[in-house]
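Residues 73 to 350, numbered by this note's numbering, are exactly what the sequence shown covers, in order. From the three backbone atoms N, C-alpha and C, an ideal C-beta is built for every residue, glycine too. Here's the structure, in structure tokens; my notes come after.
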Amino acid sequence: MKLTEQNAKSVIIDASQEKAVFVYFYMEGAECEAATKALTSAISDDNQYVSLVMANVQEPVANAIAMQLGVRGVPAVFVFQKGRPAAALEGDDIVSRLQETLNKFMPSQTELLLRDALAEEAQGNLSEALTKAASAYKLDSSNLQAKLILARLYIKDKNLVKAHELLDNPGREEQNSQEYKDLVSSLSLADQAAESPALKELQKKHADNPDDPEITKSLAAALVDCGKKGEALEMLFSILKSDLSNSDLKKTFIDILNTMAGDPLQGEYRRKLYTLMY
């Protein structure tokens, strides 16, 4: 956006209340070409997190603001946030330190993935939310928020084994977090629900009748329902290894796999099935 006398307040002071505004002081000429190219390439007009204001110091309004800010020469960039200068770059630093400066005012890739995960969850897309959150945690496993969001989604998906992997053996920061304590309580309740009398009864029936396909399917469904998808897959696969012609059990096996986007077990058991089939 070009700075003018009419829009100076709105595009710098007002706009910086919502997101960081990079005000670029320049003039037409070779000395500013590299900086101009770097800034216009890095900050597009539709950037949600930062905006770029082009201030040509050969025009009176830009020159006056540059003088107020103490700009000694061009090219120069002042970053405004909440109506005040928050950072500045000049000369060759604009090109060499631009990305570093942008990173201070834009969310990280981890934060963007977490936002996407929460948006997917809000729309009821739990599988997609898990995939995004798992990617965020993989990018930055030291990010406590990423860890806790992923753990909460695992509990919601009844993937209690994965939730335990994240929440067991907490560090000091986690132990002091109320969100962590709440998740541990939720996981404990989920563990109790997973050991229901109905599940235990099905497990006993299956132990007594391991070749009964209907009991096997019912037990697999019950295991999935209480978050033990890995256990369900292992049980079904042990049968399919001996009898791949059982189409009902094979369909149940594949249906479970299709609910596990982002879970390493999905790839592992798909490979095992394909090895059997081909």
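- Counting only runs of 3+ residues, the beta strand (DSSP E) found wholly inside the segment 96 to 138 occupies 122 to 128, in chain order.
- The three-state reading of DSSP puts residue 172 in helix, counting H, G and I together.
- Looking from the CA of residue 143, the closest CA among 160, 80, 196 belongs to 160.
- Beyond the five residues adjoining it in sequence on each side, residue 337 comes within less than 8 Å, by CB distance, of 301, 302, 305 in the same chain, given in chain order.
- For the pair residue 212 and residue 242, the Cα-to-Cα distance works out to about 17 Å.
- A straight line joining the alpha-carbon of residue 273 with that of residue 182 spans about 43 Å.
- Taking all protein chains in view, the Cβ of residue 343 is surrounded by fewer than 16 other Cβ atoms within 10 Å, so the residue is classified as exposed.
- Going by DSSP, residue 157 is part of the beta strand (DSSP E) stretching over 156 to 162.
- In the structure shown, residue 313 adopts coil according to DSSP, grouped into three states.
- In this structure, the beta-carbon distance from residue 294 to residue 270 falls below 8 Å.
- Exclusion of the five residues before and after residue 333 leaves 199, 200, 202, 203 as the residues of its chain whose Cβ lies within less than 8 Å of its Cβ.
- Counting C-beta pairs closer than 8 Å gives fewer than three between the segment 131 to 140 and the segment 175 to 195, which falls short of the contact rule.
- Annotation for residue 148: the continuous beta strand (DSSP E) segment containing it runs 148 to 153.
- Nearest to residue 81 by C-alpha distance, out of 340, 119, 155, 167, is 155.
- Proximity to residue 114 across 152, 172, 279, 247 peaks at 172, based on C-alpha coordinates.
- The beta carbon of residue 281 lies closer than 6 Å to those of 287 in the same chain, with the five residues before and after it left out.
- Here residue 157 is exposed, its C-beta having fewer than 16 other C-beta atoms within 10 Å.
- The beta carbons of residue 348 and residue 312 sit closer together than 8 Å.
- Under the three-state reduction of DSSP output, residue 333 falls in the coil class, being neither helix nor strand.
- The beta carbon of residue 318 sits closer than 8 Å to the beta carbons of 285, 311, 312 from its chain, once the five residues preceding and following it are set aside; these are given in chain order.
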